[in-house]
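Presented below is the structure to which this report refers.
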Amino acid sequence: MVDIDQWHRRHGRPDGQDMDAVASEIRSSFINELQPKDILTETTVTKVANVLSNRIRNVSDHVITWVPHFQCPIPCEYRRNNFRNLLIASMILNVCMILVVIPFIVRLIRYRNMWGSETRLIAS
């Protein structure tokens, strides 16, 4: 809610949102969620809505925060060296993985051939 009020202040409304209207919207949406035998009453909901709107008003009145026009996904001062280093590290790790996995595959193929020949001997 504070962000929405800040947006209104940055875009032409120096007073921001009408906090009384915000409080009535909060109260009406809370009241719509009340059940017949609910613990909360309408007076409690009204007090909570007023406290929320007053808190938003107090927080948002002091400073208008301006959002930068663009944001980089990573800090702009990063150079391409990091990406090059990550590519090299990834390539090295892939080669290491291949060097580790291939002997296991070869061993599995050899044992399958040996197991297959043993089952032929047992069957005959």
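Numbering follows the UniProt record's numbering, in which position 5 of the sequence shown is assigned residue number 5; successive positions increment by one, without gaps. Glycine included, every Cβ here is placed at the ideal spot set by N, Cα and C. What you are looking at is a predicted structure, and each value in this text was computed from that prediction instead of being measured.
As summarised for the segment 6-42, the continuous alpha helix (DSSP H) elements at least 4 residues long and confined to that stretch are 19-33, given in chain order. When 83, 85, 22 and 108 are compared, the shortest CA-CA separation from residue 55 is found for 22. Only residues of its own chain outside the window of five on either side were considered, and among them 19, 20, 22, 23 and 26 have a CB closer than 8 Å to the CB of residue 53, listed in chain order. By the Cβ neighbour-count rule, residue 106 is exposed, with fewer than 16 other Cβ atoms within 10 Å of its own.
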